[in-house]
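What follows is a set of notes on a single structure, which appears directly below.
Numbering (the working numbering), first residue to last: 3 to 68.
This is how it looks when you write it as structure tokens:
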């Protein structure tokens, strides 16, 4: 069974996200860190990242019915 070439490397993207979050939360108090991970704020950052990836043509996700 031959492996397909990857269009999207989830592990690499996860590592980039973890590194970015660690950099952004470095030096924050516990309250600030909790606020950073507030669901609404995380969703907004995720949606913004998806929009940037789609604009760059790098989302790796096939769109259905759009």
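Glycine included, every Cβ here is placed at the ideal spot set by N, Cα and C. This one's a predicted model, so the numbers in the text were calculated from it and none came from an experiment.
DSSP-derived helix/strand/coil call for residue 6: When DSSP states are grouped into helix, strand and coil, residue 6 belongs to the coil group.
Local conformation of residue 28 per DSSP, three classes: Coil at residue 28, not helix or strand.
Residue 39: first and last residue of the uninterrupted alpha helix (DSSP H) it sits in: Premise fails: residue 39 is in no alpha helix (DSSP H) and is neither H nor E.
Cβ-Cβ distance between residue 42 and residue 35 below 9 angstroms: no
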